[in-house]
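Peer 1:
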Amino acid sequence: NDNCRSSSTPCFDYRTINNISYCAPGILCSILERCDNITQTCSSNNSICVINSCCSSQAVCLPFLATRMCKTGWFSTGNMSAARYGHTASVLLNGLVLVTGGFDFSNYLNSVELYDPSTGTWTTTGSITEARSVHTASLLSNGKVLVTGGYNGSFLNSAELYDPLTSIWTTTGNMMNARYSHTASLLSNGLVLVISGEGAGNIVLNSAELYDSSTGTWTITGNITNARWGHTASVLSNGLVLVAGGYNGSIVYNSAELYDPSTGTWTSTSSMINARYDHTASVLSNGKVLVTGGVDNGYISLNSAELYDPSASTWTTTSNMTNPRQAHTASVLSNGKVLVTGGYGISSALNSAELISVWAQNQLGLRASGNLRGLQIGAAVVVDQIRRNIDFKQYNEKIQRDCTGATANTIGWAQQNLMKVRGHTLVWPDDRRIPKWLLDQESSITSDKAKLLLSDYIHSVVGRYRGKILWWDVINEAINDTNTTNPLNLRDSFWMRKLGPDFLNFAFQFAQAADPNVKLYYNDYGIESIGLKATRTLNLVNWLRSQGATVHGIGLQWHIDFSRSIVRNDGHYQSAQQFINNQLDISVTELDVTIPTNGGYLIDRADLYKQAIVYRAMLEYAIYFYPKCEALLTWGFTDRYSWLPEYYKNNRGAGLPLDWIYLAKPAFLEMQELMTRVVVDGVYRLSPQLQPDKCLGASQIGINSIVQLYNDECNKTNQKWNITWLGDGTYRFSLQSTQNFVLGTYNASASLGHVQTYNWLDNTNQRWAFSAKGNDIFRIVPQTAWWKVMTTDGTSNVGIVDYFTSKSQHWILTKV
Numbered sequence: 001n002d003n004c005r006s007s008s009t010p011c012f013d014y015r016t017i018n019n020i021s022y023c024a025p026g027i028l029c030s031i032l033e034r035c036d037n038i039t040q041t042c043s044s045n046n047s048i049c050v051i052n053s054c055c056s057s058q059a060v061c062l063p064f065l066a067t068r069m070c071k072t073g074w075f076s077t078g079n080m081s082a083a084r085y086g087h088t089a090s091v092l093l094n095g096l097v098l099v100t101g102g103f104d105f106s107n108y109l110n111s112v113e114l115y116d117p118s119t120g121t122w123t124t125t126g127s128i129t130e131a132r133s134v135h136t137a138s139l140l141s142n143g144k145v146l147v148t149g150g151y152n153g154s155f156l157n158s159a160e161l162y163d164p165l166t167s168i169w170t171t172t173g174n175m176m177n178a179r180y181s182h183t184a185s186l187l188s189n190g191l192v193l194v195i196s197g198e199g200a201g202n203i204v205l206n207s208a209e210l211y212d213s214s215t216g217t218w219t220i221t222g223n224i225t226n227a228r229w230g231h232t233a234s235v236l237s238n239g240l241v242l243v244a245g246g247y248n249g250s251i252v253y254n255s256a257e258l259y260d261p262s263t264g265t266w267t268s269t270s271s272m273i274n275a276r277y278d279h280t281a282s283v284l285s286n287g288k289v290l291v292t293g294g295v296d297n298g299y300i301s302l303n304s305a306e307l308y309d310p311s312a313s314t315w316t317t318t319s320n321m322t323n324p325r326q327a328h329t330a331s332v333l334s335n336g337k338v339l340v341t342g343g344y345g346i347s348s349a350l351n352s353a354e355l356i357s358v359w360a361q362n363q364l365g366l367r368a369s370g371n372l373r374g375l376q377i378g379a380a381v382v383v384d385q386i387r388r389n390i391d392f393k394q395y396n397e398k399i400q401r402d403c404t405g406a407t408a409n410t411i412g413w414a415q416q417n418l419m420k421v422r423g424h425t426l427v428w429p430d431d432r433r434i435p436k437w438l439l440d441q442e443s444s445i446t447s448d449k450a451k452l453l454l455s456d457y458i459h460s461v462v463g464r465y466r467g468k469i470l471w472w473d474v475i476n477e478a479i480n481d482t483n484t485t486n487p488l489n490l491r492d493s494f495w496m497r498k499l500g501p502d503f504l505n506f507a508f509q510f511a512q513a514a515d516p517n518v519k520l521y522y523n524d525y526g527i528e529s530i531g532l533k534a535t536r537t538l539n540l541v542n543w544l545r546s547q548g549a550t551v552h553g554i555g556l557q558w559h560i561d562f563s564r565s566i567v568r569n570d571g572h573y574q575s576a577q578q579f580i581n582n583q584l585d586i587s588v589t590e591l592d593v594t595i596p597t598n599g600g601y602l603i604d605r606a607d608l609y610k611q612a613i614v615y616r617a618m619l620e621y622a623i624y625f626y627p628k629c630e631a632l633l634t635w636g637f638t639d640r641y642s643w644l645p646e647y648y649k650n651n652r653g654a655g656l657p658l659d660w661i662y663l664a665k666p667a668f669l670e671m672q673e674l675m676t677r678v679v680v681d682g683v684y685r686l687s688p689q690l691q692p693d694k695c696l697g698a699s700q701i702g703i704n705s706i707v708q709l710y711n712d713e714c715n716k717t718n719q720k721w722n723i724t725w726l727g728d729g730t731y732r733f734s735l736q737s738t739q740n741f742v743l744g745t746y747n748a749s750a751s752l753g754h755v756q757t758y759n760w761l762d763n764t765n766q767r768w769a770f771s772a773k774g775n776d777i778f779r780i781v782p783q784t785a786w787w788k789v790m791t792t793d794g795t796s797n798v799g800i801v802d803y804f805t806s807k808s809q810h811w812i813l814t815k816v
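Per full-length UniProt numbering, the very first residue in the sequence shown carries number 1; after that it's consecutive.
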């Protein structure tokens, strides 16, 4: 498989003894099991016996899932109904992608299609008035799409508008210059900037003009330094426009320029790594710009891609597309992925499409980014998963040996790597989980002896790791799934038979006595959604508290599959809120998301992306309830150590974010992107931290479109702004009226003033500055270190006083 050794992937060619080839990442062979020398087979159905030059001559067992993870990032989706290139693609406000026009190598097209990312399918919609290729399409702030210029045998200066609500096209004002292979960019002030392109007489233009959607008219602005066509133009988060690459009739550019809408002038910035034209450029959620494909100076279609970092003005390479393509399109979807469609390949027009998930190279890992929020993200492990030499299997017999070393080594390793440790579990009231030697002596053990055994055990374990283990799951799965005769519906077990339900109370009290500072949890499955078992769990906790036990939180087990739907305010959210309302913290203590397998092998690679959606929803759930949700922990470190294949007899599995050889799956990347979608310019957004205690005192119950605050110093009035939901857990604020400024500005101008609110910590007014972000959208920026608004509580939480309830409200600060 020669494609494996491409420099664009970390993949290598692995071959079986009978020369069947598999493409998989080039991993450290020392971690792989060796094949049986005689049978050339592996002990696990999840592996294939292979030979590879990066390994020794000894054949090794390659996890089959590794062969599915070789082509990093890109995978196929549904085909368009018509092959085309030189077309456009626009992500509409409803999440659909509108593809217009193009050329099929025989005809200029006026056909239009819609792509639905949720299904991967295409449907036709109303045709454009005039067939055209190499034109532009811009999504306006009102949701309509502006199409300009292009070529259909003639150079076009015409423009038309698409209304997604009616699927109808209407004409608007013509550009001043006919042009194609130009760019059109929606600026933060609402105007559309059209740049360069090729005009009548095949003259390459350096002119630029601005479209005003409110009047349908065009005006001239400053000329670009280098005339070019087939370039890209991207509006950056700082409001500047990045123009990259292009062609002037003789030279393919790698140069780039920046346009400043406030002055109408151009400046140069660093050049791309590869010269290219007829490429694409997409602004990602992290502010970087992804450039893909195009044509180089040798007139060869490219599959390479690179990233521009506006904060550093630098370019870096990223993974290649599957297919070389030029005059294609690239669209950033609402889920953060980039959809690439069509274009011209090596020798023909393409109807294929690809998706890529790109994350910033400087992003933190899940644990580190979680630590920044205060949310603990980790995995449940046993000793031999961390230490390759197995210290023990299971101490289930009475032996003359110190059995503490392996666990102590594991905790020491965690501390060396700055990890926090959770203990699971002290008591699992199920006879299958109780040592055989104890059950063998049950008839001779009195209740007093049983209580003493329980006390000695818990004091010994919790005391030994006092201050090192910060959370303990004291009791695990005590509630029976079916009705029982005892009032708390508890499972039958050794501890229940000897001590009755008091064993639960004893366990919590012993644990607290052994370490007064540790947080104590009850852990169970089937309580993640509202229902009878969740109610019984709450009843159990209330009974424990009535007996004098301290219970800090509830551990929620989430052993689910990729079809599980988790949405805001559903039964899952209601169950969590029910526990929180009863002064309990929550943690997701056991999470895995199974997908179908056949003998341990993946049935459909697309299932990995369905799994990723569920993992992202789970992380959104944890973030939503933070800080009352303290942790999100997967049940196992990698698929290599998952309990699922054995339990489901290899019909289901692959349930963790890391695969058999520790490589990140789409689920990991989705969570990483969500946790680190912030960052670079010292500007903050506000996102709700707790419900129903919302920040800023909304004028109605619940999160809604208007925020009101009492202006403490200026004019003693309520201030109003609009809240715009950004779709990623954050909001931005826009001025609702010129008379009522939100948050109480320090002087009479919202655009120039400082923000003051009442600081719930020290009863002083704090100040922040407004940073304009176009279209009267403002962001809040700390003005000085000590004079800041909404003073934080020492972490990332913002505290202010709700005008309506006089309660302190909490939001999370995240950088934009």
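Virtual Cβ for every residue (Gly too), placed ideally from N, Cα, C.
1. For the region 547 to 563 against the region 579 to 596, are there 3 or more C-beta pairs whose distance is under 8 Å?
2. Please look up how many angstroms separate the CB atoms of Gly531 and Ala327, rounded, as I've assumed it's under 8 Å.
3. Which partner residues of Tyr247 appear in the DSSP bridge assignment?
4. Counting along the chain, where does the alpha helix (DSSP H) carrying Ile411 start and finish?
5. Using the Cα positions of Leu191 and Asp212, report the straight-line distance between them to the nearest angstrom.
6. Please report the straight-line C-alpha distance between Asp448 and Asn651, rounded to a whole angstrom.
7. Can at least three beta-carbon pairs, one atom from the region 107 to 127 and one from the region 180 to 187, be found at a separation below 8 Å?
8. Tyr299: buried (16+ other C-beta within 10 angstroms of its C-beta) or exposed?
9. Which whole runs of the beta strand (DSSP E) in the region 551 to 591 are 3 residues long or more, in chain order?
10. Reducing DSSP to helix, strand and coil, say where Asn718 ends up.
11. Does the beta-carbon distance from Tyr615 to Ala654 come in below 8 Å?
12. Quick check on DSSP: helix, strand or coil for Thr484?
13. Where does Tyr647 sit, in a helix, a strand or coil, going by DSSP?
14. Can you give me the Cβ contacts of Gly199 inside the same chain, cut-off strictly under 7 Å, excluding the 5 residues immediately before and after it?
15. Rounded to whole angstroms, what is the Cα-Cα separation between Thr263 and Gly222?
16. Using a threshold of 8 Å, state whether the C-beta atoms of Gly293 and Leu302 are closer than that.
17. Using DSSP with H/G/I as helix, E/B as strand and the rest coil, what is Val518?
18. Would you mind reading off the limits of the beta strand (DSSP E) that contains His182?
19. Could you check where the beta strand (DSSP E) with Glu630 kicks off and where it finishes?
20. The beta strand (DSSP E) spanning Tyr115 covers which residue range?
21. For Asn759, which three-state DSSP category applies?
22. Does the ligand MN have a heavy atom nearer than 7 Å to the CB of Met671?
23. In three-state terms, what does DSSP make of Arg545?
24. Distance, Cα to Cα, Val291 vs Ala408?
25. Please report the straight-line C-alpha distance between Leu488 and Ala406, rounded to a whole angstrom.
26. Which residue comes first and which comes last in the beta strand (DSSP E) that contains Gln376?
27. Which stretch, first to last residue, makes up the beta strand (DSSP E) that contains Gly423?
28. Run the CB neighbour count on Val289, radius 10 Å, all protein chains shown included, and call it buried at 16 or more, exposed below.
29. CB Lys665 to CB Leu619, shorter than 8 Å?
30. Using only the alpha-carbon positions, how far apart do Asp260 and Leu350 sit?
31. Since Trp437 sits in a beta bridge, which residues does DSSP pair it with?
32. Please go through the same chain and pick out, in chain order, the residues whose beta-carbon is closer than 7 Å to the beta-carbon of Leu504, but skip the five residues on each side of it.
33. Once you ignore the five residues that flank Ile346 on each side, which residues in its own chain have a CB closer than 8 Å to its CB?
34. Mapping DSSP to helix, strand and coil, what is Tyr162?
35. For the region 124 to 131 against the region 102 to 111, are there 3 or more C-beta pairs whose distance is under 8 Å?
36. Along the chain, where does the beta strand (DSSP E) that runs through Ser138 open and close?
Peer 2: Once the coordinates are examined:
1. yes
2. Between Ala327 and Gly531 the Cβ distance is about 55 Å, and since that is not below 8 Å, they are no contact.
3. Trp229 and Val252
4. Gly405 to Gln416
5. 5 Å
6. 47 Å
7. Contact between the region 107 to 127 and the region 180 to 187 is absent: fewer than three C-beta pairs spanning the two stretches fall below 8 Å.
8. exposed
9. Correct list: 553 to 561.
10. Any reading at Asn718 must be qualified, since the residue scores a pLDDT of 37, below 50, and its modelled position is unreliable; the value itself is stated next. Three-state result, Asn718: strand.
11. no
12. In this structure, Thr484 counts as coil in the three-state DSSP scheme.
13. helix
14. Phe155, Asn177, Ala178, Arg179 and Leu205
15. 9 Å
16. yes
17. coil
18. Run containing His182: none; DSSP gives neither H nor E here.
19. Cys629 to Thr634
20. Val112 to Asp116
21. Note that Asn759 scores a pLDDT of 34, beneath 50, so its modelled location is shaky; the value from the coordinates is reported in the next line. Three-state result, Asn759: strand.
22. This structure lacks the ligand MN; in fact it carries no ligand of any kind.
23. helix
24. Going by the C-alpha atoms only, they are around 49 Å apart.
25. 36 Å
26. Gln376 to Ala379
27. Run containing Gly423: Val421 to Val427, per the beta strand (DSSP E) assignment.
28. So Val289 ends up on the buried side.
29. Contact: no.
30. Here the C-alpha atom of Asp260 lies approximately 36 Å from the C-alpha atom of Leu350.
31. BP columns for Trp437 are empty, so no partner.
32. Ile475, Ala478 and Leu544
33. Ser301 and Pro324
34. Tyr162 falls in the strand class under three-state DSSP.
35. Touching, per the Cβ criterion.
36. Thr136 to Leu139
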